[in-house]
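Under this note's numbering, the sequence shown has 343 at position 211, and the numbering climbs by one with no breaks. Backbone N, C-alpha and C fix where the C-beta goes; we use that ideal spot for every residue, glycine too. All values reported here derive from a predicted model rather than from experimental measurement.
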Amino acid sequence: MNLRELEYLVALAEQRNFHRAAEVCNASQPTLSAQIRKLEEELGVTLFERSSRGLILTQAGEAAVRRARIILHEVTQLRDEAAGHCADGTRRLHLGVFPTLGPYLLPHIVPQFMRHFPSMEILLTEEKSTILLQRLIDGQIDAALLALPVEDPQVTGQKLFCEPFHLAVPSGHVLAGQDRLSADALSGQRLMLLEEGHCLRDQALTLCRRYGAHEYDGFRGTSLETLRQMVVAGMGLTLLPQLACIGANAQNHIAFLPLEADGFQRNIGLYWRRSSNSGELMEKLSSIIAGVVAELMPQQG
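Okay, structure coming up:
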């Protein structure tokens, strides 16, 4: 028996569906199914009744899930208490950030963090938001910068800043000479978007549907930098968050146009586990990040 099997058990008890539970655990469905069968064999009891109407916890299953939740909570507490310190006694913070934010914000945050906490080590993980949230819940990271909303009862946090989107266009485009655009300017335009799995892609698709734009079918970017370079090459248009535009105006052949409409923004917050004892540290970190962003985007203050 191992902790991963207990995580599978709790997820399956909550989802009552092997496919959804596998997605929550970032595992394949066959792997999760096999581990649940292995756990049943080891315990010598049936944990779930499997029928055409779905999954039902047996009495033994209910007892096992209760105990598994207690064990997993205690393990998280152990990690919180022990992993917050390096071997020499200094504290360590493991922060997660998603790829469309990290490259544009972390270089400004880390020096400030080191100045405020000279004896503390900061570890960074860059992953997609769904993976970061799961790693946060599992205790693999201490905190994560995520786009709102974040709806999970196991985490808490606070909004730090609002980041507008700009329309990135080639410098020769008919829209490039304008200072600001109304959302109606998107009607009929084809926008290059990120590949599946990025929360920014989902928000951009929503805006496209709302204002009559369409996705550029022949291309999906792996990063914001790829999208930006494709705009420079004259391939098309895209939406970029403001932090990704800072300093990029020095590049020729591209223009970033603010959009005058509701919804062309994302809200960013810092999140940590409710069970963590690091609330005071997170408040200080939140203040540092908010201060850095206020300097980078003073018009948003």
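Item                                                                                                                                                                      : Value
Taking the continuous alpha helix (DSSP H) assigned at PHE245, which residues delimit it?                                                                                 : 234-248
If you reduce the DSSP assignment to three classes, tell me which class ALA275 lands in.                                                                                  : strand
So is HIS346 buried or exposed if we call it buried at 16+ other beta carbons inside 10 Å?                                                                                : exposed
By the three-class DSSP mapping on this structure, what secondary structure does SER261 have?                                                                             : helix
Please return the same chain residues whose Cβ sits closer than 6 Å to the Cβ of PRO231, not counting the five positions on each side in sequence.                        : GLU258
Under 8 Å by Cβ, that's how I've got ALA279 and ASN149 pegged, so tell me the actual separation to the nearest angstrom.                                                  : Contact flag wrong, Cβ pair sits at about 26 Å.
Could you please give the first and the last residue of the uninterrupted alpha helix (DSSP H) stretch that includes GLU139?                                              : 135-147
For the beta strand (DSSP E) containing LEU447, name the first residue and the last one.                                                                                  : Residue 447 cannot be examined here, being either before or after the span of the chain that is shown, 133 to 433.
In whole angstroms, what separates the C-alpha of THR370 from that of PRO296?                                                                                             : 14 Å
When we look at the beta-carbon of SER160 and count the other beta-carbons within 10 Å, is it buried (16 or more) or exposed?                                             : exposed
Can you find the residues in the same chain that come closer than 8 Å, C-beta to C-beta, to ILE420, ignoring five residues on each side of it along the sequence?         : ILE241, GLN244, PHE245, HIS248
In its own chain, which residues sit with a C-beta less than 6 Å from the C-beta of ARG198, not counting the 5 before and 5 after it?                                     : none
Where VAL425 and GLY366 are concerned, what is the direct C-alpha to C-alpha distance, given to the nearest angstrom?                                                     : 30 Å
Secondary structure at ALA153, three-state DSSP: helix, strand or coil?                                                                                                   : helix
What are the start and end residues of the alpha helix (DSSP H) that includes PRO430?                                                                                     : Unbroken run through PRO430: none, as it is neither H nor E.
Out of PRO162, SER410, ARG185, point me to the one whose CA is closest to GLY92's CA.                                                                                     : For the chain, the structure presents residues 133 to 433; residue 92 sits outside this window and is missing.
Specify whether the segment 316-323 and the segment 337-345 touch according to this definition: at least 3 beta carbon pairs, one from each stretch, less than 8 Å apart. : yes
Please classify GLU206 as buried or exposed, where buried requires at least 16 neighbouring CB atoms within 10 angstroms.                                                 : exposed
If we count the other Cβ atoms within 10 Å of its Cβ and call it buried at 16 or more, is GLN431 buried or exposed?                                                       : exposed
Taking the CB atoms as reference points, tell me whether ARG267 and GLY228 lie closer together than 8 Å.                                                                  : yes
Buried or exposed: which applies to THR133, given that a residue is buried once 16 or more other Cβ atoms fall within 10 Å of its Cβ?                                     : Correcting the residue identity first, residue 133 is Met in this sequence and not Thr. The residue is exposed, with fewer than 16 neighbouring Cβ atoms inside 10 Å.
Let's test the definition: count the other Cβ atoms within 10 Å of the Cβ of VAL156 and tell me whether it reaches 16, buried, or not, exposed.                           : buried
So which of GLU139, PRO285, GLN286, LEU292 has the shortest CA-CA distance to LEU277?                                                                                     : LEU292
Would you please state the rounded distance, in angstroms, between the beta carbons of GLY395 and LEU339? I believe it to be under 8 Å.                                   : 6 Å
Terminal residues of the continuous beta strand (DSSP E) containing ASP349?                                                                                               : 346-353
Consult DSSP for VAL424 and reduce its assignment to one of helix, strand or coil.                                                                                        : helix
Counting C-beta neighbours from all protein chains within 10 Å, is the total for ARG182 16 or more, i.e. buried, or is it exposed?                                        : exposed
Please say whether LEU135 and LEU204 have beta carbons closer to each other than 8 Å?                                                                                     : yes
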